[in-house]
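Structure first, commentary second.
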Amino acid sequence: MILRLLFIFSILSCSAISAQAQSDSTKTSSIDSVAVLNDTIPASEKVISDSTMVKKTTPTDTVVVNQTAISDSTVTDSLAVKPKVNIKTAFQIFIDYGKFLTIPTDFETKYEAGVAFQMKNKLVLVAHAGQAELHPGSAIENGEYTVKGQYFKGGINYLIPLDNTNTFYIGGRYAMSTYDENGSYEISSPLWPNITRSFERKDLSATWAEVVFGTEKKLKNPHWLIGGTFALRILIDHDTVEGDSDPVETFAIPGYGRAFDSTEPAINVYIKWQL
Numbered sequence: 024m025i026l027r028l029l030f031i032f033s034i035l036s037c038s039a040i041s042a043q044a045q046s047d048s049t050k051t052s053s054i055d056s057v058a059v060l061n062d063t064i065p066a067s068e069k070v071i072s073d074s075t076m077v078k079k080t081t082p083t084d085t086v087v088v089n090q091t092a093i094s095d096s097t098v099t100d101s102l103a104v105k106p107k108v109n110i111k112t113a114f115q116i117f118i119d120y121g122k123f124l125t126i127p128t129d130f131e132t133k134y135e136a137g138v139a140f141q142m143k144n145k146l147v148l149v150a151h152a153g154q155a156e157l158h159p160g161s162a163i164e165n166g167e168y169t170v171k172g173q174y175f176k177g178g179i180n181y182l183i184p185l186d187n188t189n190t191f192y193i194g195g196r197y198a199m200s201t202y203d204e205n206g207s208y209e210i211s212s213p214l215w216p217n218i219t220r221s222f223e224r225k226d227l228s229a230t231w232a233e234v235v236f237g238t239e240k241k242l243k244n245p246h247w248l249i250g251g252t253f254a255l256r257i258l259i260d261h262d263t264v265e266g267d268s269d270p271v272e273t274f275a276i277p278g279y280g281r282a283f284d285s286t287e288p289a290i291n292v293y294i295k296w297q298l
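Each number in my numbering corresponds to the 1-based position in the sequence shown with 23 added.
Written as structure tokens, this is what we have:
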């Protein structure tokens, strides 16, 4: 009986040991599979991540390079397109055609022309000559006034070329005028007969300075230019009638304007021909 029990116990022990060994083997196999799976999955993810980075990074880098290339190309083109401004030595003759508009009027007649010598260093020597005959109706309320004379101006301009066609410039002038004036006026009285008096003064003179801002443009024919100026005239001196028995002061100065204004603005337009 005892032997039989020992035999059965030994059989059960062997079965238990065999089952335990099989269980350990199964656990080891599972661990190894998981390890292999873990090693495989990160590698795959890494490949996918690297591929994604390449796909994301490459277009960005390409765009930046292309933008840089386009920007460099644009700058190069703009520098290449900008023309070189050439200033040459030239002798010039100009006429103030705006003065011709005064010919049909009955209160003033003016003419003005001039010459200029342009140099490569952007300086231009300028000389003007003009003639004017003025009949301002507001000079004497109860009479007439006429002034007639010549004027001369000389100065210099400094050119600021915008391109080979358009030019801006600034300059200065010193001017003088010689003129004669005459007129008449009537003194009326309710008690006495009206008295008419006349006056005439010759060889009067005046001087002034001008600050000039101008612009001009070349026409299709490069020998012809058209332009305009704005000048601020500053009266320096002019003859007065102190000690004269006539109470009428000089009203206008040819080439300048009204004698009683210390400054006078002026606009001129001209056409120019150059060699």
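Virtual Cβ for every residue (Gly too), placed ideally from N, Cα, C. Since this is a predicted model, take the numbers as computed values, not measurements.
Assigned secondary structure, threonine 125 (DSSP; H/G/I helix, E/B strand, else coil): For this step, residue 125 is matched to residue 102 along the sequence shown. Reduced to three states, the DSSP call for threonine 125 is helix.
Among the candidates Asn205, Lys145, Tyr192, Lys171, whose CA atom is the shortest distance from the CA of glycine 251? Taking the first residue of the sequence shown as position 1, residue 251 is located at position 228. It is Tyr192 whose Cα lies nearest to the Cα of glycine 251.
Can you give the Cα-Cα distance for lysine 176 and proline 277, rounded to whole angstroms? For the purposes of this step, residue 176 is taken as the residue at position 153 of the sequence shown. For the purposes of this step, residue 277 is taken as the residue at position 254 of the sequence shown. When rounded, the distance between both Cα atoms is 12 Å.
For a test of the three-state rule: what should DSSP assign to tyrosine 279, helix, strand or coil? Against the sequence shown, residue 279 aligns to sequence position 256. In the structure shown, tyrosine 279 sits in coil (DSSP, three-state: anything other than H, G, I, E or B).
Whole angstroms are fine: how far does the CA of threonine 219 sit from the CA of asparagine 180? By 1-based counting over the sequence shown, the position of residue 180 is 157. By 1-based counting over the sequence shown, the position of residue 219 is 196. Using only the alpha carbons, I get a separation of about 49 Å.
Counting Cβ pairs closer than 8 Å, one from the stretch 215 to 230 and one from the stretch 199 to 206, do we hit at least three? yes
Considering only the beta carbon of each residue, do glycine 178 and glycine 166 sit closer than 8 Å? Numbered from 1 along the sequence shown, position 155 holds the residue referred to as residue 178. Numbered from 1 along the sequence shown, position 143 holds the residue referred to as residue 166. Taking 8 Å as the Cβ cut-off, glycine 178 and glycine 166 do not qualify as a contacting pair.
Close-in-space but distant-in-sequence residues of the same chain around lysine 78 (CB under 8 Å, 5 per side omitted): Counting from one through the sequence shown, the residue named residue 78 turns up at place 55. Residue placement at lysine 78 cannot be trusted, given a pLDDT of 41 that sits under 50; the coordinates are not used to answer.
Roughly how many angstroms lie between the CA atoms of glutamate 156 and leucine 185, to the nearest whole one? On the sequence shown, residue 156 is found 133 positions in, with the first residue counted as 1. On the sequence shown, residue 185 is found 162 positions in, with the first residue counted as 1. Those two C-alpha atoms are separated by around 38 Å.
Nearest-angstrom Cα separation, counted from proline 127 out to proline 159: By 1-based counting over the sequence shown, the position of residue 159 is 136. By 1-based counting over the sequence shown, the position of residue 127 is 104. C-alpha separation (whole angstroms): 15 Å.
From phenylalanine 117 to glutamate 209, what does the alpha carbon distance come to, in whole angstroms? Within the sequence shown, residue 117 is the residue found at index 94, counting from 1. Within the sequence shown, residue 209 is the residue found at index 186, counting from 1. So the two alpha carbons sit approximately 43 Å from each other.
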